[in-house]
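Below is one structure, written out as structure tokens; the observations come after it.
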């Protein structure tokens, strides 16, 4: 087993072994780009170390050999007084985990050779600054000495010397460094003077960082396998902090917020890499290099262009200029806002850099989700009170209560609150708070700060560098431009403009542009599974069709009974003996309902579910309403109360609902079917040829389906005779009880189509009531007993087995049986992938999830082709 | 296809083709017994007729040939004036359906040859009596002319002639017969004079009777396949009504009530068969023949003994003596009371007539159930007021409200009432009422009347021939020995003694005798599946062990918290912060509980389920109780109400219960496990080596089981260390959610045993709440959508699939995994058969069902051996 690869030995395809960073460093080296030489210790070595808990001898030998080669390549050496070799040690896993693991710079310095470095660079303060940084990072990363212990030494000495640390003299640095050694001693450690020992410790620390808490949380959130491990990149140092012709920067080949095809980035003169990322100093725009170091800038532009073409995607580059000479330290596919992702994906196709398939694969479901995220209503925005402005770090609009810590954010969100996390700056420790918040506001940091990168990745609205916000965390207050806000105050944050407003502003959806339409059309052309929507109101049906739904997978009919007159008729039907009068009223309402719905959906299929909820859901509650209803229906209060008592249920979810109502009170289903068929006939007469699809819910036994279907068919035939017309129609069943899956072959014989109701199926399979799950799901997720909420992400291991069984059994009887999925998981990408695998014909989801579903089914089709 | 078999052509093994009656007539013919000659039309011919709706030509030819053979065999002929052949036409299906289908006697008579019969027998009134009976039966069976139309003619003429029909003269019979012909005309029918035509009509009518309402109800109740059809037996008539040396009788080779090994039966001088069965005349005991016709009696005794030995079971015989000569008309295995069934089964083994296996197979689960039926408490019986006495037709004791019609019986039972059906006599039309009643009382009829036979078959307590009861059905009153009782009055009926009492008498279980113990021991020796009981109270545990439970499959722990002090401690734990104080109290109660339980079960396995119900079940309801609890626990009413509101659930069945409580509040499970282990340790120290089996309920995910099991193990290890002892224990899981079945392989890796909770599994699989199912299950059963209540009989098609899957998945990981079933279907015979087939180790049921389960598992073992 080879544990160490020089940059000259690897390439971009070796990400799983060398990590993303290492593979790309090797690739750039292969392309002849100015990459400081170095080598990568493999992910396999990491896992072997983590499993055995010890550092293999052979690994140590390989590393020593690689260091010797590096010394040869650079003409420098550890401990050399003339050509001192310093290295950076950086983690780099297969999948990018920004800031999640540890980095050590300037490794190789010690009490002796810091002097050599000072002499070599002719810059005492630079050398000592490097050394004090090494001591800090090494102490933190290798020995877990709290950063604050070093910080408080800095603060103490800044006070003593009455100057900022960046202005310390050599002597002052020596005193500071002495105090750092004392910090080590207090913690019962000693800083190793031997560079090889430093390296060994550092590599082990990076290995161990794979299993630190925040890395684990990140992997769990991003579903990255714990068994991958991280590689370690050892690279000879170049110094962006070596004077005014030096600096370090981060750049994107296109604008990561807007997608504009123009270099975008930031640069800090006389700084090391982590100064940019940490957001401690606010950097200059990239363009500023053009005036300071025009040659370096030109070279950088060329390299950026080359890398984008090479990787066929927008790149995120880290670079350092050391005394006028450009070095590229990293390239990777850049994270971007959803808007930018869409524009870049489509532009790369237009520019013939990428294929449509690649464009589709590049888009993330979260990006689409973000595009569908709300913006502030323009007219409301005009009336709003502007509080402050910062950098527009991640687009979108959000409203929430101010919180100052990630922990508090998590707490309030657990109670159903929406929060805006307001912090000086964010760090990887805040990851769970960032996830929980609706929006993020930071006082410091630029467009590439931690907060900005993470927020864009998650599609969370974010404003950074809002320096007007003076936070007093301990007091839980923030002063912004003379306003004093405390925890719990509501603010509105516009991540697209960087503006922050007092109070709540109404939001609306952003308009979907041509790029969006193009991408969606490419998706539809490639997809094998259709995307329907769950919708029944005119508004929802319009939204669904606007978002490109190819049909309606679930039109519920119960909401149609909640208008005042309808509810009265429904109650009359339930509570009185004037049932036919009540039904006559209901039928006239329903005929209009279905006529209007068909008018919108036209030739697109629409599956109408017959009445599903238990009758008590339509009855009044509370004395006043009971009295009102009794009076309206000429009943006594006692009669209404008796009916209420008779219809009350202990477990309504498992009660008298769905087809069970169709069995015990057939006239309500007959009324609905009459309305459906009559309204469809009206359309046929007007030239619109509609095939109504009628769905019977909550079937457990074939006998139920046979009985109710027969009754409906008889009713339909009566209508056909009365109207002297016959039109095609279908009667299918919802599969939403475990038993329905188990006897799906029997059901298929009697059904024109199946539609999985995954919500109820999940409730029954788990024995989870959605109304009550809140009492324990928090504990369950915290203790890792449930990875996902099974109502959001299909439980493939359990519920999925039943679904797959039902598909197989159904198709064993009817090979061409139309099978769909409605329910919330119908819009969830990994769930959709599973549904496609087992052969469903369509997924149906809420209108707002239709575009995500269209993307996902297209991606699945591409994956299955390749 | 041969449609007709002469009695000389068949044998006892041909029941499916010839029906039970036909096959046994053939067998007796083969044995050389005095059976009047005849032939059988097959069940296949019946089904072919019912399917095609027409009488096949070939069938007609075969029948005509058989009649000619019959004429040859008897030396008689249709329409002969010297040797007139008359036949009976009787249905006879594969499985006995007593009285459910139709019979016609004396077929072949007509206006002409009735005179020949009169001359031949030298008995005018005999001949005309036969003819008028034929006209009545034929009119009823073939043309569905209401019996009452004939009866009212009889009544009219009895009034006119001022005498009973049995005393009519030839002339009076002629007038009656003339009036019967008019009844035919009024109904637009003519009685066919041609005997061949009579026969054709009669056979078709018997075929059609297979599908009459009461036959269908009977088949559905007894799970007899509708596709079997009935055979038709055509047999030359012998006449029990031909004078004082003639008669007809019914006999059992042993006493069908007590099982005593002594001929038991009844006999009517000068009567035809249906006179005995209909119960219109009260017959004499069988022994009375001995004095009247000693030779015939001797012959009958010999034949009875021979047939019992031949069939190796108690026989039920029908016979006729025609002018001193004995004919056997039917033999079949006799229906018997449970007590008799048990005694006969055991006696036949003792007498070496039958094997133990045959004895076990002969016993029905219903018999065992009946044996466990109550008797009146002796001391209470002494104080009771005797109302009247009748014949002890079917043993047992029951209490109920008087009803006078089968219909009313059904109605009241549907409302949860217990009823006693009081009737003059019963007929097959009453079958549903007989099923519904707790007890049956008839004014007329003997021990072999319809009511008596049916009641014994069903194990319903029955008193017949209680002639003191004068019923006025229209007024809904009954006068008994000067007492006037009306519908709804409560009486107590003792079917073992034939006594009827006013009011309600307390009942208790009958003692189980040596026969019972013998049979049960044979069962246990043969069985492959063990029988455990669901029990936790000391009383239930004792009952279970007395009934031979081999272990305890489910000891619930929630009932243990309902004592006053325990409930207080439980509420303290739920509602207050003094949780450890509450737990300390609970643990001391529970340690005593488990100590006592183990003391009873000793070395038998006992599976203890940890707390299962949601917390709100322990909380107070109603203002007064809430106030009381608040005061007791030093809380405010508002605080208690807030807790109640916080713990309330929409669907408690799918809520925060079972292991979900173990996850969110681990201390309650730890308390229980501590009590279990500590009490077991106490027993070990006292010499009783107990292996506690701890069961975690409501597991859906392996992760839940792993977490909670680990917590319990840690607790147990802590106890072992503190107590300086280690004892064996097991931790298993309940499989009661569909998902648990689907991931049973994952669960098996982490469980020492599985126990299926079929009640909850059925609720979830069907989406049926047991608390709410009452709202529609009636409709479902009436409409035939559900054949059985799935909570009583395992739904093999649906729930059974999940159970089988879980067994296979569990054993795929642990081939020797102990798997049991608790839940009500654990005591249901067809369900047990399924469980045995799929390989469960034990079934566990309520204590009173343990003996039935022991019988059933033994039967299954025998079936699987053969």
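Protein chains in written order, with the numbering used here: chain E, 256 to 1121; chain A, 256 to 1121.
The beta carbon of each residue, even a glycine, is placed where N, CA and C say it ideally should be.
Check: Could you tell me whether the Cβ atoms of residue 1097/E and residue 857/E are closer together than 8 Å?; Outcome: no
Check: To the nearest angstrom, how far is the alpha carbon of residue 273/E from that of residue 351/E?; Outcome: 12 Å
Check: Which value, in whole angstroms, describes the spacing of the CA atoms of residue 649/E and residue 655/E?; Outcome: 16 Å
Check: Kindly examine the ligand FAD and report whether one of its heavy atoms sits closer than 7 Å to the Cβ of residue 417/E.; Outcome: Looking at this structure, you won't find the ligand FAD or any other ligand, since it has none at all.
Check: Looking at C-alpha atoms only, which residue of 346/E, 403/E, 389/E is the closest neighbour of residue 467/E?; Outcome: 346/E
Check: Between residue 284/E and the rest of its own chain, which residues show a CB-CB distance below 7 Å, the 5 nearest in sequence each way excluded?; Outcome: 262, 263, 290
Check: I want to verify the contact list: residues of chain A whose CB lies under 7 Å from the CB of residue 1106/E, in sequence order.; Outcome: Within chain A, no residue comes near residue 1106/E; the closest Cβ sits about 32 Å away, beyond 7 Å.
Check: Applying the criterion that 16 or more other CB atoms from any shown protein chain within 10 Å of the CB defines a buried residue, is residue 647/A buried or exposed?; Outcome: buried
Check: Out of 1066/A, 1108/A, 1110/A, which one is the CA nearest neighbour of residue 1093/A?; Outcome: 1066/A
Check: Counting Cβ pairs closer than 8 Å, one from the segment 972–982 of chain E and one from the segment 928–936 of chain E, do we hit at least three?; Outcome: yes
Check: DSSP three-state label for residue 585/A, please.; Outcome: strand
Check: In chain A, which residues lie with their C-beta within 8 Å of the C-beta of residue 911/E?; Outcome: 1027, 1030, 1031
Check: Buried or exposed: which applies to residue 1071/A, given that a residue is buried once 16 or more other Cβ atoms fall within 10 Å of its Cβ?; Outcome: exposed
Check: Can you find a CB in chain E that lies within less than 8 Å of the CB of residue 965/A?; Outcome: no
Check: Report yes or no: do the segment 480–500 of chain A and the segment 319–331 of chain A share at least 3 C-beta pairs separated by less than 8 Å?; Outcome: yes
Check: Which stretch, first to last residue, makes up the alpha helix (DSSP H) that contains residue 561/E?; Outcome: 549–566
Check: Can you find a C-beta in chain E that's less than 8 Å from the C-beta of residue 495/A?; Outcome: no
Check: Looking at C-beta atoms only, is the number of pairs between the segment 694–703 of chain E and the segment 665–678 of chain E that lie closer than 8 Å three or more?; Outcome: yes
Check: Return the first residue and the last residue of the alpha helix (DSSP H) that residue 629/E is part of.; Outcome: First-last for residue 629/E: 629–631, but that is the beta strand (DSSP E), not the alpha helix (DSSP H).
Check: Between residue 733/A and residue 694/A, is the Cβ-Cβ spacing less than 8 Å?; Outcome: no
Check: Measure from the C-beta of residue 1024/E to each C-beta in chain A and report whether the shortest distance is under 8 Å.; Outcome: yes
Check: Would residue 1000/A count as contacting chain E if we go by Cβ distances under 8 Å?; Outcome: no
Check: For the segment 945–959 of chain E, list every residue whose C-beta sits within 9 Å of some C-beta in chain A, in sequence order.; Outcome: 953, 955, 956, 958, 959
Check: So for residue 489/A, helix, strand or coil by DSSP?; Outcome: strand
Check: Beta carbons nearer than 8 Å to chain A: which residues of the segment 1030–1064 of chain E have them?; Outcome: 1030, 1031, 1034, 1035, 1038, 1039, 1040, 1041, 1050, 1052, 1053, 1054, 1056, 1057
Check: Under the three-state reduction of DSSP, which class applies to residue 859/A: helix, strand or coil?; Outcome: coil
Check: Note the first and the last residue of the continuous alpha helix (DSSP H) segment covering residue 1084/A.; Outcome: 1084–1093
Check: Does the Cβ of residue 838/A have 16 or more other Cβ atoms within 10 Å, making it buried, or fewer, making it exposed?; Outcome: buried
Check: Quick one: which residues of the segment 898–930 of chain E get their C-beta closer than 7 Å to a C-beta of chain A? List them in chain order.; Outcome: 904, 905, 906, 907, 908, 909, 910, 911, 915, 918, 919
Check: Have a look at residue 585/E and residue 1023/E and give me their C-alpha separation to the nearest angstrom.; Outcome: 48 Å
Check: Strictly below 7 Å CB to CB, what residues from chain E border residue 1021/A?; Outcome: 955, 992, 994
Check: Name the one or two DSSP bridge partners that residue 571/A has.; Outcome: 507/A, 587/A
Check: Just grab the DSSP bridge partners of residue 358/A for me.; Outcome: 345/A
Check: Taking beta-carbon pairs under 9 Å, can you tell me which members of the segment 793–823 of chain A lie near chain E?; Outcome: none
Check: Output the distance between the C-alpha atoms of residue 750/E and residue 592/E, rounded to the nearest integer angstrom.; Outcome: 11 Å
Check: My output table needs one value for residue 641/E: the three-state DSSP class, helix, strand or coil.; Outcome: strand
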